[in-house]
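Peer 1:
Protein chains: 2
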Amino acid sequence: MKASPNATAPASFPAIESTIRATGARVTTSRVRVYALLQNAQGPLCHREIEQRLSGEALPAMDRVTLYRVLDWLAQAGLAHKAADTRGVFRFSAATSDGEHLRHMHFRCTACGGVFCLEMSQPSLPELPQGFRLASAEFDIRGVCPDCAGKRP
Amino acid sequence: MKASPNATAPASFPAIESTIRATGARVTTSRVRVYALLQNAQGPLCHREIEQRLSGEALPAMDRVTLYRVLDWLAQAGLAHKAADTRGVFRFSAATSDGEHLRHMHFRCTACGGVFCLEMSQPSLPELPQGFRLASAEFDIRGVCPDCAGKRP
DNA sequence: GAGCTTATTGCAACCTTGTGGCGTTAATGA
DNA sequence: TCATTAACGCCACAAGGTTGCAATAAGCTC
Chain A
155 MKASPNATAP ASFPAIESTI RATGARVTTS RVRVYALLQN AQGPLCHREI EQRLSGEALP
215 AMDRVTLYRV LDWLAQAGLA HKAADTRGVF RFSAATSDGE HLRHMHFRCT ACGGVFCLEM
275 SQPSLPELPQ GFRLASAEFD IRGVCPDCAG KRP
Chain B
155 MKASPNATAP ASFPAIESTI RATGARVTTS RVRVYALLQN AQGPLCHREI EQRLSGEALP
215 AMDRVTLYRV LDWLAQAGLA HKAADTRGVF RFSAATSDGE HLRHMHFRCT ACGGVFCLEM
275 SQPSLPELPQ GFRLASAEFD IRGVCPDCAG KRP
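These protein sequence lines are chains A and B, in that order. Per this note's numbering, residue 155 is the first one in the first sequence, and the count goes up by one each step. Per this note's numbering, residue 155 is the first one in the second sequence, and the count goes up by one each step.
(1) Which residue spans inside the segment 167–226 of chain A form an unbroken alpha helix (DSSP H) run of at least 4?
(2) Quick one: what does DSSP say Leu-228 (chain B) is sitting in, helix, strand or coil?
(3) Using beta-carbon positions only, say whether Leu-213 (chain B) and Ile-204 (chain B) come within less than 8 Å of one another.
(4) Name the two residues that bound the continuous beta strand (DSSP E) containing Arg-245 (chain A).
(5) For my contact list, Ala-234 (chain B) and Phe-246 (chain B) are in at a C-beta cut-off of 8 Å; report their separation, rounded to the angstrom.
(6) Taking the alpha-carbon of Arg-296 (chain B) as reference, which of B:Gly-178, B:Arg-287, B:Ala-248 and B:Thr-240 has the nearest alpha-carbon?
(7) Provide the residue(s) that pair with Leu-288 (chain B) in DSSP beta bridges, ordered along the chain.
(8) Kindly list the residues whose CB is nearer than 7 Å to the CB of Ser-184 (chain B), restricted to its own chain and excluding five residues on each side of it in sequence; keep chain order.
(9) Do you know how far the Cα of Arg-202 (chain B) is from the Cα of Ser-209 (chain B)?
(10) Whose Cβ in chain A lies nearer than 9 Å to the Cβ of Asp-239 (chain B)?
(11) Return the chain-ordered list of same chain residues with a C-beta closer than 8 Å to the C-beta of Ala-179 (chain B), the five sequence neighbours on each side being excluded.
(12) With 16 as the cutoff for other CB atoms within 10 Å, does Pro-198 (chain A) come out buried or exposed?
(13) Of all the residues that make up the segment 196–221 of chain B, which are near chain A by a beta-carbon distance shorter than 8 Å?
(14) Mind listing the chain B neighbours of Phe-261 (chain A)? Cutoff is C-beta to C-beta under 8 Å, in chain order.
(15) Could you tell me which of B:Arg-262, B:Glu-281 and B:Phe-244 sits nearest to His-260 (chain A), measuring between CA atoms?
(16) Would Gly-232 (chain B) pass as an interface residue toward chain A - the criterion being a Cβ-Cβ separation below 8 Å?
(17) Distance cutoff 8 Å, beta carbons only. Does Leu-272 (chain A) sit that close to anything in chain B?
(18) Please check if any C-beta of chain A sits within less than 8 Å of the C-beta of Ala-303 (chain B).
(19) Output yes if chain A places a C-beta closer than 8 Å to the C-beta of Ile-174 (chain B); else output no.
(20) Using the C-alpha atoms, what's the distance from Gly-242 (chain A) back to Lys-236 (chain B)?
(21) Counting only C-beta atoms, is Gly-297 (chain A) closer than 8 Å to chain B at any point?
(22) Determine the burial state of Pro-168 (chain B): buried for a count of at least 16 other Cβ atoms within 10 Å of its Cβ, exposed for fewer.
(23) Alpha carbon to alpha carbon, how far is Arg-287 (chain B) from Leu-288 (chain A)?
(24) Tell me Ala-234 (chain A)'s beta-bridge partners as DSSP assigns them.
(25) How about Cys-200 (chain B) and Phe-270 (chain B): are their beta carbons less than 8 Å apart?
(26) Taking only the alpha-carbon atoms, compute the straight-line gap between Ser-172 (chain B) and Arg-207 (chain A) and give it to the nearest angstrom.
(27) For a test of the three-state rule: what should DSSP assign to Ala-303 (chain B), helix, strand or coil?
(28) So with Cβ pairs under 8 Å, would you call Pro-168 (chain A) a contact of chain B?
(29) Using the Cα positions of Arg-218 (chain A) and Tyr-189 (chain A), report the straight-line distance between them to the nearest angstrom.
(30) CB-CB under 8 Å to Val-181 (chain A), same chain, minus the five flanking residues each way: which ones, in chain order?
In structure tokens, the structure reads:
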């Protein structure tokens, strides 16, 4: 299992543009900005966090609703994952290239509030009872991250 | 693994009252009604669903805010579990007597919208990377339940 | 490059979920 | 029965998220 929080290599803008273009939709600055931000993020971000980071980018600010729509579009296009956190707020993260998110897991530190994406190397999905068909699984795990655990042993 | 959706025996009102009294707080009709409803529910319910069911009880309607407070009190008292569902809405379920919820799992049917509580007989919790300390884990699993799978094979 | 089509954007208003303040009610103990 | 005060009901409000619609700009054709 890897513990690196979304340690994807910083995607270049041309690569991001071609990824967006490949979906058949238009390549807009809003989509490129948000998708690039998610690619380089250290874990899932909520709407507010994304808005704050975008406002620090010296580019003109993006409308609140536009950001909601871009995020939903990214999720619908399969380029991002959308999941509600423990407080009921949606968080978005760039989708990994392996397509399905079945082996994905989120660890939320109760001390610092950080969110870590953990990839499970071995499929340890629970076996469902007779008749249940699995479509997707999300693991929301809470505890203390190594940094915070080190500060207060 | 059991698949029975919250198949706890319907708790009697005296039992519910004594459970509430044991927490040291006051026994009010609001708390008894909501706690009894959760005990007999077929899975986690959101605020709106609880409000609707209460309004069909022929007893005087409960205030919206009071219901929020009762639910939060039940969760804080350890009598109920509070968790945000995939849409970001908090859902409440009566706490099982085994205390911890570490082995608990929710299955959400994408066809009928139903929520099933699954108890895992064997602890199949994922092994966390070095340094991470587990506090609680929630599994949100989506797919098709046996009923809906049978209708459309 | 100019012009056209229409997918996106920006703006305003609105909805839903959830919370805080405060006077009133009722559960408990004396 | 009475006093105390935890809960309740009502009001207003905050945050997150959605809908409608006119204005803009991405991509296509010429």
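For each residue, glycine too, the CB sits at the ideal point set by N, CA and C.
Peer 2: Looking at the coordinates:
(1) 167–176, 183–193 and 201–209
(2) Along the second sequence, one-based indexing puts residue 228 (chain B) at 74. Of the three classes helix, strand and coil, the one that applies to Leu-228 (chain B) here is helix, per DSSP.
(3) Taking the first residue of the second sequence as 1, we reach residue 213 (chain B) at position 59. Taking the first residue of the second sequence as 1, we reach residue 204 (chain B) at position 50. The answer is no: Cβ separation not under 8 Å.
(4) Reading the first sequence from its first residue, position 91 is the one you call residue 245 (chain A). Following the DSSP letters along the chain, one finds Arg-245 (chain A) inside the beta strand (DSSP E) bounded by residues 244–248.
(5) If you number the second sequence from 1, residue 234 (chain B) lands on position 80. If you number the second sequence from 1, residue 246 (chain B) lands on position 92. About 5 Å; that satisfies the 8 Å criterion.
(6) Position 142 of the second sequence, counting from 1, holds the residue named residue 296 (chain B). Here the closest residue by C-alpha is B:Thr-240.
(7) Counting from one through the second sequence, the residue named residue 288 (chain B) turns up at place 134. DSSP, once it has assigned bridges, lists A:Gly-297 as partnering Leu-288 (chain B).
(8) Looking up residue 184 (chain B) in the second sequence gives position 30. Met-216, Thr-220 and Val-224.
(9) On the second sequence, position 55 is the one that residue 209 (chain B) refers to. On the second sequence, position 48 is the one that residue 202 (chain B) refers to. Cα to Cα, the separation comes out at about 11 Å.
(10) Sequence index remark: in the second sequence, residue 239 (chain B) carries index 85 (1-based). Here the neighbours are Ala-238 and Gly-242.
(11) Locating residue 179 (chain B) in the second sequence gives position 25, counting from the first residue. Answer for Ala-179 (chain B): Arg-185, Trp-227 and Ala-231, listed in chain order.
(12) For this step, residue 198 (chain A) is matched to residue 44 along the first sequence. Buried, by the Cβ-count rule.
(13) none
(14) Residue numbering aside, residue 261 (chain A) sits at position 107 when the first sequence is read from its first letter. Those are Leu-282 and Phe-286, listed as they occur along chain B.
(15) The residue labelled residue 260 (chain A) in the question sits at position 106 within the first sequence. Ranking the options by Cα distance to His-260 (chain A), first place goes to B:Glu-281.
(16) As a position in the second sequence, residue 232 (chain B) is number 78, starting the count at 1. It does not: the Cβ of Gly-232 (chain B) has no partner Cβ on chain A nearer than 8 Å.
(17) By one-based count along the first sequence, residue 272 (chain A) stands at place 118. Judged by the 8 Å Cβ criterion, Leu-272 (chain A) is in contact with chain B.
(18) Indexing the second sequence from 1 puts residue 303 (chain B) at position 149. At least one chain A Cβ lies under 8 Å of Ala-303 (chain B).
(19) The count along the second sequence starts at 1 and reaches residue 174 (chain B) at position 20. Not one chain A Cβ lies under 8 Å of Ile-174 (chain B).
(20) The sequence position of residue 236 (chain B) within the second sequence is 82, counting from 1. The sequence position of residue 242 (chain A) within the first sequence is 88, counting from 1. Rounded to the nearest angstrom, the two C-alpha atoms are 11 Å apart.
(21) As a first step, residue 297 (chain A) is located in the first sequence; it is residue number 143 there, counting from the start. At least one chain B Cβ lies under 8 Å of Gly-297 (chain A).
(22) Counting from 1 along the second sequence, the entry for residue 168 (chain B) is found at position 14. By the 10 Å Cβ count, Pro-168 (chain B) comes out exposed.
(23) The residue you call residue 287 (chain B) lines up with position 133 of the second sequence. The residue you call residue 288 (chain A) lines up with position 134 of the first sequence. Arg-287 (chain B) and Leu-288 (chain A): Cα-Cα distance of roughly 28 Å.
(24) The residue you call residue 234 (chain A) lines up with position 80 of the first sequence. Paired residues: A:Ala-248.
(25) For the purposes of this step, residue 200 (chain B) is identified with residue 46 of the second sequence, where counting begins at 1. For the purposes of this step, residue 270 (chain B) is identified with residue 116 of the second sequence, where counting begins at 1. Against a cut-off of 8 Å, the Cβ pair of Phe-270 (chain B) and Cys-200 (chain B) comes out as no contact.
(26) Here residue 172 (chain B) corresponds to residue number 18 of the second sequence, with the count starting at 1. Here residue 207 (chain A) corresponds to residue number 53 of the first sequence, with the count starting at 1. Spanning the two alpha carbons is a distance of roughly 51 Å.
(27) For this step, residue 303 (chain B) is matched to residue 149 along the second sequence. Three-state result, Ala-303 (chain B): helix.
(28) On the first sequence, position 14 is the one that residue 168 (chain A) refers to. So no, Pro-168 (chain A) is outside the interface.
(29) Here the question's residue 218 (chain A) lines up with position 64 in the first sequence. Here the question's residue 189 (chain A) lines up with position 35 in the first sequence. The C-alpha of Arg-218 (chain A) lies about 16 Å from the C-alpha of Tyr-189 (chain A).
(30) Counted from its first residue, the first sequence places residue 181 (chain A) at position 27. So the qualifying residues of the chain are Glu-171, Ile-174 and Arg-175.
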